[in-house]
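Q: In this text, residue positions in the sequence shown follow the numbering used here: the first is 17, and each later residue adds one. One structure, as structure tokens, below. Some questions next.
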Amino acid sequence: MPEDRRGPRRRGGSGQSARGRVHRPGDLAPAAGRRRLMSGPFSVLVVDDEEMYAQAIAAELANLGASCDLAACAREAMERAQAGRYDLILLDHRLPDDDGLRILPLLLSRQPQARLVMMTAYDSVPAAVSAIRLGADDYLVKEASLQPVLDRVQMLRRRKQLLSQGWSEHAREGLLGRSPGMLKVIEQLEQLARSPDTTVLLSGETGVGKGVAARFLHRLTRPGNRPFVTVDCVSLPPTLAESLLFGHEKGAFTGADQSRAGAFEEAADGTILLDEIGDMGEIQGKLLRVLENRSFVRVGSVREIPLRARVVASTNRDLAGMVREGSFRHDLYQRLCVFPVHLPALRERGDDILLLAEHFREFFSRKLGVDLAPLSEDIRKLLLAYDYPGNVRELKNIIERAVILSGGGRIQPRHLPERLLSERPMRLDGAGGIPFEFVPGVDTMKTLEKRMIQEALVRAGNVKSEAARLLGISRFQLLRRMERHGLVERGSAGEEEPED
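So this is what it looks like as structure tokens:
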């Protein structure tokens, strides 16, 4: 790729698209209120055979400080993807020599670090769903105004800036992915950055990256070197819990030879993470008062110390269930659950497993100084078939071990733990004798239920009462569950429907 990549470049082109539509300069409205993008390089590949439209986008991107390359067809797009490196790909759905949906995964395989937005002149829900499933971040319908496209570029550019501010450190631990669950987590953390005092409750299984998410939120909210203090509630001694959390004055109890600041005081104007809050015992009442009053008192003192830090709590337990059982205070739960963020298990994140695996492979290859080829298809299948009870932490350990054992070249199945090699897809018999494949690491309870409903409807010829019989539930329950999974319009489950 030429060194000077400022502004659009394209070979030839008449402005006439393969489908006979022409965008003229006067047809496209420039973005209102031009703003410069954040500092730092940002490269975009625009794949579109409508030259005037592509040129208009490229000109606006150049005004926003981005560099831009143009490709008028799938062949040229693949050539550019092979030769250069892009942060964002804007891909037209219909190209003169191929379908954008077909080349989408090929482009991402050559540009794994890139985000991709599919663009089309025709609104199509099935195409949008297919694009997202194949790895696109968004699906936009072309409009007279370029603002929707530029807004999306702004958002994705902001995420790239996070990489340069330490995001890569956290990506190594799991906050990396294109799955809907992880995109939602990232979006929620970005929203929380605008509210620096809001209490946050992070939930999820062990190893999903709750601590990493807390540190990422801290970096977003508290720039600079403000303190980040972690309290391990599991190992918090009951007799010393109050002193360790809130501090004590000299002589407050036997052995208190000098005054000492507690964790809340040490956190100052930074962040305090109460890790595994579900294991906090009798001190729950005192923590509640701290959250209510936004202040605390050292043991042996009467002076109120203002709480300036953001409080983040994390748990791998069902706090709502613990409240019902009476083992966790309801009022404390309400105070902690101001803004809950749930981190999905790795087995629920689909192809994020491969994205993370490649990320770990590159990281440990550089760290250990070995030249390692990308993961083979056989290895990718084995990684996808495993259910990862230890989540991202376990995947990271698996790849580190494999890189060490490989010594360079390529990771082979023999470099993986035995538990991955013995894991195979299982056949389950659903209600009514409906067989279907269950793939650990891909399927979840939610996806299994949806697939069972879909299979039952097919076998029942879309007769809902028969499908309900096959599933062993009532027709009304079936309609409710179809609504929950988006298989029927919301609200129709409660309506009287004609018999099938």
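No residue lacks a Cβ here, since even glycine has one placed at the ideal position from N, Cα and C.
At which residues does the beta strand (DSSP E) containing Phe312 begin and terminate?
A: Start and end: 311 to 313.
Q: Roughly how many whole angstroms lie between the Cα atoms of Gln470 and Ala483?
A: 9 Å
Q: Starting from the C-beta of Cys89, find all residues in its chain whose C-beta is less than 7 Å away, skip the five residues before and the five after it, and write them out in chain order.
A: Asp65, Leu111, Pro112, Asp113
Q: Could you give the C-beta distance for Ile105 and Leu123, rounded to a whole number, given that I count them as a contact under 8 Å?
A: Correct: roughly 6 Å between the Cβ atoms.
Q: Can you tell me the Cβ-Cβ gap for Gly151 and Pro121, rounded? I've got them flagged as a contact below 8 Å.
A: 6 Å
Q: Buried or exposed for Phe376, please, with buried defined as at least 16 other CB atoms from any protein chain shown within 10 angstroms of its CB.
A: buried
Q: Compare the C-alpha of Ser259 against each of Lys302, Val228, Ala230 and name the closest.
A: Lys302
Q: Taking 9 Å as the cut-off, decide whether the C-beta atoms of Ala257 and Arg314 are in contact.
A: no
Q: Considering only residues of the stretch 220 to 285, which uninterrupted beta strand (DSSP E) runs meet the minimum length of 3 residues and lie entirely inside it, listed in chain order?
A: 244 to 248
Q: What span of residues does the alpha helix (DSSP H) with Ile427 cover, start to end?
A: Where Ile427 is concerned, there is no enclosing alpha helix (DSSP H), because DSSP gives it neither an H nor an E.
Q: For Arg382 and Leu372, what's the separation of their Cα atoms in angstroms?
A: 15 Å
Q: Does any CB atom of chain B fall closer than 9 Å to the CB of Asn332?
A: The chain labelled as chain B is not found in the depicted structure, where only one protein chain is given.
Q: Run through DSSP, which three-state label would Asp167 get?
A: helix
Q: Mapping DSSP to helix, strand and coil, what is Ile415?
A: helix
Q: Relative to the C-alpha of Val224, which candidate in Ser330, Leu359, Gln350, Tyr349 has its C-alpha closest?
A: Among Ser330, Leu359, Gln350, Tyr349, the Cα nearest to that of Val224 is on Leu359.
Q: Classify Leu494 as buried or exposed, calling it buried when 16 or more other Cβ atoms lie within 10 Å of its own Cβ.
A: buried
Q: Which residues does DSSP pair with Phe355 in a beta bridge?
A: According to DSSP, Phe355 bridges with Val216.
Q: Grouping DSSP H, G and I as helix and E and B as strand, with all else coil, what is Tyr155?
A: strand
Q: Among Ala272, Arg126, Met198, Glu410, which one has its Cα closest to the Cα of Asp153?
A: Met198
Q: How is Arg382 classed by DSSP in three states: helix, strand or coil?
A: helix
Q: Would you mind stating whether Leu399 and Leu388 have Cβ atoms separated by less than 9 Å?
A: no
Q: Look at the alpha carbon of Gly263 and the alpha carbon of Phe312, and state the distance between them as a whole number of angstroms.
A: The alpha-carbon separation between Gly263 and Phe312 amounts to approximately 9 Å.
Q: Counting Cβ pairs, one atom from each stretch, are 3 or more of them under 8 Å apart for the stretch 243 to 251 and the stretch 276 to 296?
A: yes
Q: So, does the stretch 291 to 308 touch the stretch 320 to 336, judging by three or more C-beta pairs under 8 Å?
A: Flag = yes, the stretch 291 to 308 and the stretch 320 to 336 touch.
Q: Would you call Glu341 buried or exposed, if buried means 16 or more other Cβ atoms sit within 10 Å of its Cβ?
A: exposed
Q: Note down the Cα distance separating Asp403 from Arg430, rounded to an integer number of angstroms.
A: Rounded to whole angstroms, Asp403 and Arg430 show a C-alpha spacing of 19 Å.
Q: If Ala143 and Leu117 are in contact, beta carbons under 8 Å, what's the gap, nearest whole angstrom?
A: 7 Å
Q: Using the DSSP secondary-structure output, state which residues sit across from Arg110 in a beta bridge.
A: Asp115
Q: Among all the DSSP beta bridges, which residues are the ones paired with Met135?
A: Asp108, Leu156
Q: Which of the three DSSP states is assigned to Arg363 in this structure?
A: helix
Q: Helix, strand or coil for Ile420, going by three-state DSSP, please let me know.
A: helix
Q: My output table needs one value for Ile321: the three-state DSSP class, helix, strand or coil.
A: DSSP, reduced to helix, strand and coil, places Ile321 within a strand of the structure shown.
Q: Determine the extent of the beta strand (DSSP E) in which Ile288 is found, giving its start and end residues.
A: 287 to 291
Q: Report buried or exposed for Lys480, applying the criterion of at least 16 other Cβ atoms within 10 angstroms of its Cβ.
A: buried
Q: Could you tell me how far apart the beta carbons of Phe355 and Val216 are, in whole angstroms, since I believe they sit closer than 8 Å?
A: 5 Å
Q: What does Asp85 pair with, by DSSP beta-bridge criteria?
A: For Asp85, DSSP records a beta bridge to Leu61.
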